[in-house]
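Protein chains: 2
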Amino acid sequence: MATATSTWTCLLYPSPAGRRGRMRVRCSSSVSVSTRREPEPVATVVKAFAPATVANLGPGFDFLGCAVDGLGDIVSVKVDPQVHPGEICIQDITGHAPTKLSKNPLWNCAGIAAIEVMKMLAVRSVGLSLYLHKGLPLGSGLGSSAASAAAAAVAVNEMFGNKLGVEELVLASLKSEEKVSGYHADNVAPSIMGGFVLIRSYEPLELIQLKFPVEKELYFVLVTPEFEAPTKKMRAALPGEIGMPHHVWNCSQAGALVAAVLQGDVAGLGKALSSDKIVEPRRAPLIPGMEAVKRAALRAGAFGCTISGAGPTAVAVVDDQQTGHDIASHMIDSFLHDGNLKASAKVLQLDRLGARRIHN
Amino acid sequence: MATATSTWTCLLYPSPAGRRGRMRVRCSSSVSVSTRREPEPVATVVKAFAPATVANLGPGFDFLGCAVDGLGDIVSVKVDPQVHPGEICIQDITGHAPTKLSKNPLWNCAGIAAIEVMKMLAVRSVGLSLYLHKGLPLGSGLGSSAASAAAAAVAVNEMFGNKLGVEELVLASLKSEEKVSGYHADNVAPSIMGGFVLIRSYEPLELIQLKFPVEKELYFVLVTPEFEAPTKKMRAALPGEIGMPHHVWNCSQAGALVAAVLQGDVAGLGKALSSDKIVEPRRAPLIPGMEAVKRAALRAGAFGCTISGAGPTAVAVVDDQQTGHDIASHMIDSFLHDGNLKASAKVLQLDRLGARRIHN
Chain A
1 MATATSTWTC LLYPSPAGRR GRMRVRCSSS VSVSTRREPE PVATVVKAFA
51 PATVANLGPG FDFLGCAVDG LGDIVSVKVD PQVHPGEICI QDITGHAPTK
101 LSKNPLWNCA GIAAIEVMKM LAVRSVGLSL YLHKGLPLGS GLGSSAASAA
151 AAAVAVNEMF GNKLGVEELV LASLKSEEKV SGYHADNVAP SIMGGFVLIR
201 SYEPLELIQL KFPVEKELYF VLVTPEFEAP TKKMRAALPG EIGMPHHVWN
251 CSQAGALVAA VLQGDVAGLG KALSSDKIVE PRRAPLIPGM EAVKRAALRA
301 GAFGCTISGA GPTAVAVVDD QQTGHDIASH MIDSFLHDGN LKASAKVLQL
351 DRLGARRIHN
Chain B
1 MATATSTWTC LLYPSPAGRR GRMRVRCSSS VSVSTRREPE PVATVVKAFA
51 PATVANLGPG FDFLGCAVDG LGDIVSVKVD PQVHPGEICI QDITGHAPTK
101 LSKNPLWNCA GIAAIEVMKM LAVRSVGLSL YLHKGLPLGS GLGSSAASAA
151 AAAVAVNEMF GNKLGVEELV LASLKSEEKV SGYHADNVAP SIMGGFVLIR
201 SYEPLELIQL KFPVEKELYF VLVTPEFEAP TKKMRAALPG EIGMPHHVWN
251 CSQAGALVAA VLQGDVAGLG KALSSDKIVE PRRAPLIPGM EAVKRAALRA
301 GAFGCTISGA GPTAVAVVDD QQTGHDIASH MIDSFLHDGN LKASAKVLQL
351 DRLGARRIHN
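Top line first, the protein sequences correspond to chains A and B. Under full-length UniProt numbering, the letters of the first sequence match residues 1 to 360, in that order. Under full-length UniProt numbering, the letters of the second sequence match residues 1 to 360, in that order.
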């Protein structure tokens with residue numbers, strides 16, 4: 001199985017020269033197979049956690065995302081003589097909806113990212129078994145696929161001495177995002193880096209970390225209804241063309257959002273988050289009750305509310321935990337009453353660390 | 001003349017009730033005629049300076065502007081018993097192109113703003129003579145009309161004890177901008193407030209001051225060719241509709257621009273300034289040599305370059321003065337060689353104070 005898998009790997013991926021050639025353009029810190037010395041494993045088992053992420057963020061559509069604490073995926077990698085050297089074998093998937101996920105590394109977010117990192121590191125003599133624990137439900141709008149990819153990329157990198165930089169880990173994870181939801185880094189970048197991350201460009205990859213002041217309180221109220229909103233369908237709802245007034249409005253709100261993050265202005269952050277006139281108005285009607293849920297969140301004291309990622313999760317922001325829980329219950333009631341959907345909620349803080357090795 | 005002028009004033013402006021009614025919506029700090037006690041003049045003569053401004057700022061089109069130091073307009077107001085109480089008479093206009101400007105306060109940027117401030121203050125018993133010195137050429141893309149309005153608004157407000165807040169002064173100046181170049185605050189707000197200002201909304205008016213770190217050096221290279229680029233013509237060149245990829249790109253650059261300002265990252269600021277894919281590509285070809293001038297600026301070491309306001313001035317940014325002067329000479333040469341236009345340059349710093357009373 002592992003050998004067969006790895007054979008597909010060789011077939012499906014371009015040659016190192018071509019692949020790395022493009023990578024060097026996109027990421028100055030990447031290193032080609034030809035020049036990199038094969039690294040040794042530093043452990044027999046490495047476990048990594050990658051946090052959930054909230055992307056799109058209203059006017060931050062497609063270029064701004066942030067990581068939330070205490071929710072995410074875990075990937076363990078183990079040196080395994082049974083696995084063909086230089087390859088990955090996914091041994092087990094646990095947690096949310098494991099049966100829906102392929103164990104073929106070429107069709108699994110964690111597998112694709114892990115393979116990419118092994119290629120970047122030019123690992124040819126060691127095979128790895130991979131174990132994925134899905135802490136995140138699929139298709140929730142919380143960066144489920146990105147968290148799997150980020151955890152796998154970080155786990156493999158740690159296994160071989162942490163030789164790759166953040167941009168390379170993001171590029172490796174982007175290979176997996178490309179397959180499942182398009183070439184967008186607004187989930188993988190914050191999942192790997194933590195905090196708020198602005199994707200300035202892809203060619204070359206340029207990421208701007210936006211530091212939210214450590215002394216400020218920021219809580220995300222994440223309410224997920226029992227409803228499947230596939231990314232592709234939500235993407236199809238986007239307008240092809242945008243009028244200049246709406247473009248200028250959303251640009252100014254994007255600027256206000258970035259300013260609010262850097263200034264630690266949670267009220268301003270919420271207001272900007274709520275102000276999208278282009279994407280949210282098209283997508284919200286596709287999620288039963290979403291418009292009413294947003295109104296309920298604002299009535300209950302949220303500074304702002306929008307769709308998390310491509311939905312169906314609704315995200316509201318506030319600056320204290322208790323108010324966050326009150327808002328959550330109003331949002332759950334509204335999903336049931338206005339959308340006829342059961343929903344569950346979490347009130348989480350910003351994850352400032354991003355994907356990391358864990359030892360328990 | 002003054003009396004006739006003031007009669008038109010009454011005809012052209014809505015009743016205080018209607019006017020103030022809308023103002024209270026737009027500006028929480030405004031006060032209606034009915035509740036405000038008429039203020040006394042605190043001096044016989046007051047002089048105010050308002051700085052030039054660079055608006056549009058690439059992806060900051062229509063919502064972001066900044067003030068530049070050492071260049072601007074000056075307005076003096078004098079208590080004048082010869083002027084009908086509650087009214088303004090423009091006595092003299094000096095400096096750049098005085099003959100092109102009307103002395104009718106209803107058709108002069110300084111006059112309109114001064115009248116609006118007197119209405120906000122409910123001045124009914126004192127008439128003022130106004131003297132305008134144009135330090136800024138007309139139609140240069142450096143906020144000439146905004147500087148006249150801002151200086152007049154501040155001068156009249158200071159004359160009566162500085163009772164109006166920043167938002168009211170911006171709203172008063174907007175009345176004048178509305179007449180000459182549309183209802184846009186991206187010149188008047190920074191001219192009044194100084195530094196970088198983001199216009200978040202108009203209904204109500206919400207302004208976000210973006211503090212550029214005081215310890216950082218930022219120089220604007222402003223190169224103005226002898227060419228008239230009227231605002232309305234440049235506005236007509238804008239695209240009606242924008243595709244989603246360009247919208248997302250410009251939004252992300254707008255976010256990067258705001259981040260660069262707040263983080264004091266001049267290189268990032270320049271890069272974002274240079275990255276507009278929507279407005280600059282349509283407008284630059286209308287200014288002979290502009291595209292070549294931008295290339296020349298970047299070759300000479302500028303971090304970025306774009307059109308200032310609606311042009312024809314080109315603005316480049318850099319972090320030291322000498323390099324600024326070198327870049328300026330390359331830009332002047334390029335305007336002559338590639339656009340067959342004579343040009344003059346200034347290398348100026350950020351104005352952090354905004355419009356203020358002066359005593360010399």
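Yeah, the Cβ is synthetic: ideal placement off N, Cα and C, and Gly gets one too. Here the structure is a predicted model, which means the values were calculated and not measured.
N- and C-terminal bounds of the beta strand (DSSP E) containing residue i
{"i": "K78(B)", "result": "64-79"}
{"i": "G194(B)", "result": "Segment: none, G194(B) is in no beta strand (DSSP E) and carries neither H nor E."}
{"i": "S344(B)", "result": "343-349"}
{"i": "E241(A)", "result": "241-243"}
{"i": "Q91(A)", "result": "88-95"}
Residue i versus residue j - alpha carbon distance
{"i": "A328(B)", "j": "L218(B)", "result": "15 Å"}
{"i": "G339(B)", "j": "L273(B)", "result": "22 Å"}
{"i": "Q263(B)", "j": "L269(B)", "result": "9 Å"}
{"i": "L164(B)", "j": "L121(B)", "result": "8 Å"}
{"i": "residue 420(B)", "j": "L64(B)", "result": "The question about residue 420(B) has no answer, for chain B in this structure spans 1 to 360."}
{"i": "F335(B)", "j": "V293(B)", "result": "6 Å"}
{"i": "V318(B)", "j": "H325(B)", "result": "10 Å"}
{"i": "P225(A)", "j": "T313(A)", "result": "7 Å"}
{"i": "K211(B)", "j": "A260(B)", "result": "11 Å"}
{"i": "H330(B)", "j": "A300(B)", "result": "7 Å"}
{"i": "E203(B)", "j": "H184(B)", "result": "12 Å"}
{"i": "G195(A)", "j": "M234(B)", "result": "40 Å"}
{"i": "K47(B)", "j": "G289(A)", "result": "58 Å"}
{"i": "G311(B)", "j": "A236(B)", "result": "13 Å"}
{"i": "I242(A)", "j": "R295(A)", "result": "25 Å"}
{"i": "I208(B)", "j": "S76(B)", "result": "29 Å"}
{"i": "A229(B)", "j": "I74(A)", "result": "59 Å"}
{"i": "L222(A)", "j": "A345(A)", "result": "5 Å"}
DSSP-derived helix/strand/coil call for residue i
{"i": "V320(B)", "result": "The question names Val, but residue 320(B) in the sequence shown is Asp. In the structure shown, D320(B) sits in coil (DSSP, three-state: anything other than H, G, I, E or B)."}
{"i": "L257(A)", "result": "helix"}
{"i": "L207(B)", "result": "strand"}
{"i": "V266(B)", "result": "helix"}
{"i": "G339(A)", "result": "helix"}
{"i": "K134(A)", "result": "strand"}
{"i": "V25(A)", "result": "Residue confidence is low: V25(A) scores 25 on pLDDT, short of 50, so the model does not pin down where it sits. No coordinate-derived value is stated."}
{"i": "K47(B)", "result": "strand"}
{"i": "G60(B)", "result": "helix"}
{"i": "D186(B)", "result": "coil"}
{"i": "T313(A)", "result": "coil"}
{"i": "F116(A)", "result": "The sequence given here has Glu at residue 116(A), not Phe. Three-state DSSP puts E116(A) in a helix."}
{"i": "G143(A)", "result": "coil"}
{"i": "S32(A)", "result": "The predicted model places S32(A) with a pLDDT of 44, which falls under 50 and marks its position as unreliable; any figure quoted below should be read in that light. Of the three classes helix, strand and coil, the one that applies to S32(A) here is coil, per DSSP."}
{"i": "S201(A)", "result": "strand"}
{"i": "G111(A)", "result": "helix"}
{"i": "A52(A)", "result": "strand"}
{"i": "D276(B)", "result": "coil"}
{"i": "I358(B)", "result": "strand"}
Residue j beta carbon less than 8 Å from that of residue i
{"i": "V156(A)", "j": "V117(A)", "result": "yes"}
{"i": "D69(A)", "j": "L257(A)", "result": "no"}
{"i": "C109(A)", "j": "A149(A)", "result": "yes"}
{"i": "P137(B)", "j": "A97(B)", "result": "yes"}
{"i": "A43(A)", "j": "A355(A)", "result": "no"}
{"i": "P41(B)", "j": "M159(B)", "result": "yes"}
{"i": "S191(B)", "j": "T94(B)", "result": "no"}
Boundaries of the alpha helix (DSSP H) in which residue i is found, first to last residue
{"i": "R295(B)", "result": "290-299"}
{"i": "E178(B)", "result": "166-181"}
{"i": "V221(B)", "result": "That residue, V221(B), is in no alpha helix (DSSP H); its beta strand (DSSP E) goes 219-225."}
{"i": "R37(A)", "result": "Careful: R37(A) lies outside any alpha helix (DSSP H) and carries neither H nor E."}
{"i": "R283(A)", "result": "280-283"}
With 16 other Cβ atoms within 10 Å as the buried cut-off, status of residue i
{"i": "G86(A)", "result": "buried"}
{"i": "R24(A)", "result": "Low local confidence applies: a pLDDT of 26 at R24(A) is under 50, so the model's placement there is unreliable, and no value is given."}
{"i": "L353(A)", "result": "exposed"}
{"i": "S125(A)", "result": "exposed"}
{"i": "L348(A)", "result": "buried"}
{"i": "Q322(B)", "result": "exposed"}
{"i": "V214(A)", "result": "exposed"}
{"i": "D92(B)", "result": "exposed"}
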